[in-house]
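Peer 1: In this note's numbering, the protein residues as written are 468 to 673.
Here a beta-carbon is modelled for each residue, glycine too, at the ideal position from N, C-alpha and C.
Sharing a structure with you now.
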Amino acid sequence: MYCFLEEELMAGRSWKLGEFCNVDGQDAEVSISLKETSATLKLGLVAQGIEIKPKKQNGHWQEKKQKQNRWRRRRRTARSRLPEDLLVASITRASPRDACRATVVSPAFRAAADSNAVWDRFLPRDLPPLADGELSPAPPSKKALFMRLSDRPVLLADGLTSMWLDRETGAKCYMLSARALCIIWGESPEYWRWIPLTDSRFALQL
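Pasting the structure below:
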């Protein structure tokens, strides 16, 4: 960062104020203070401009950076040439969470990781029938179905059980209503009394 007077800039003269690095390119205010270093009488200072320019890099660093950029481009090109079937087979060996992370690797990985072929492997083969309206509107893809089933419990067709999928593994998890339990003397009023709860997921079954 340099400070200059207009006539001195034309003559190629300026004062170096210091250096600062803005790696992420963020916009912010820069505060600069000038301090007198001698007892010479001064009437004031008028700064007519501030020049901010990239720091000069030596040839070795520039060459190294260019090589890194070429290497990254070759890696992206190599990944984009992998057959989608191979990508699908690789992603399905991982977890659902890893499949979501794979979408940021490259467009080819994103297409494979979002495909029905991948998420069909993560969905249970023996998915039980659900109660009417539990998946309304219907998920547009296998991935959307998995996300819906792992987001919150859904009521099964028997009305006594709810189910959801573990997002890490895709395993089925169940919640049973009181009516689905085998309780000794459960139908004997002298021992048990069924109390309906209007805010219960299984309220209609009580």
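1. May I ask you to report which of helix, strand or coil DSSP gives S655?
2. Would you mind giving the Cβ-Cβ distance between W631 and K609, rounded to the nearest angstrom? I have them listed as a contact below 8 Å.
3. Just to check my reading of the structure: L623 and L597 have Cβ atoms closer than 8 Å, yes? What is that Cβ distance to the nearest angstrom?
4. For A580, tell me which candidate among G653, C640 and T559 has the shortest Cα-Cα distance.
5. In angstroms, rounded to a whole number, what distance separates the CA positions of V621 and S629?
6. So for S621, helix, strand or coil by DSSP?
7. Excluding five sequence neighbours on each side, which residues of the same chain lie with their C-beta closer than 6 Å to the C-beta of W652?
8. Quick one: grab the DSSP three-state call for L632.
9. Less than 7 Å between C-beta atoms, sequence neighbours within five positions excluded: which residues of the same chain meet that for L554?
10. Mind checking which residues open and close the beta strand (DSSP E) that includes L643?
11. Can you give me the C-alpha to C-alpha distance between A638 and A566, rounded to a whole angstrom?
12. State the Cα-Cα distance for the pair P604 and K534, rounded to the nearest angstrom.
13. Residues in its own chain within less than 7 Å of S582 by CB, not counting five upstream and five downstream?
14. In angstroms with no decimal places, state the Cα-to-Cα distance between P595 and C649.
15. At the level of alpha carbons, what is the spacing between E654 and D599?
16. Find out if the Cβ-Cβ distance for the pair L643, F613 is shorter than 8 Å.
Peer 2: Checking against the coordinates, here is how it stands:
1. Assignment of S655 by DSSP, reduced to helix, strand and coil, places it in the coil class.
2. Not quite, the Cβ-Cβ distance comes to about 16 Å (not below 8 Å), so this is no contact.
3. Cβ atoms of L623 and L597 come within 8 Å of each other, at about 6 Å.
4. Among G653, C640 and T559, the Cα nearest to that of A580 belongs to T559.
5. CA-CA distance, V621 to S629, rounds to 5 Å.
6. The sequence as given places Val at residue 621; Ser does not occur at that position. In the structure shown, V621 sits in a strand (DSSP, three-state: E or B).
7. Listed in chain order, the non-local C-beta contacts of W652 below 6 Å within the same chain comprise Y658, local neighbours out to five positions each way being set aside.
8. Strand.
9. Listed in chain order, the non-local C-beta contacts of L554 below 7 Å within the same chain comprise A575, F576 and A579, local neighbours out to five positions each way being set aside.
10. Counting along the chain, the beta strand (DSSP E) containing L643 begins and ends at K639 to L643.
11. The straight-line gap from Cα to Cα measures roughly 16 Å.
12. Rounded to whole angstroms, P604 to K534 spans 50 Å at the Cα level.
13. Shown here for S582: same chain residues with a beta carbon closer than 7 Å to its own, the five before and five after excluded, namely V555 in chain order.
14. In this model, P595 and C649 are separated by some 21 Å (Cα to Cα).
15. Answer to the nearest angstrom: the Cα atoms are 29 Å apart.
16. No; because the gap between Cβ atoms is not below 8 Å, this pair is not in contact.
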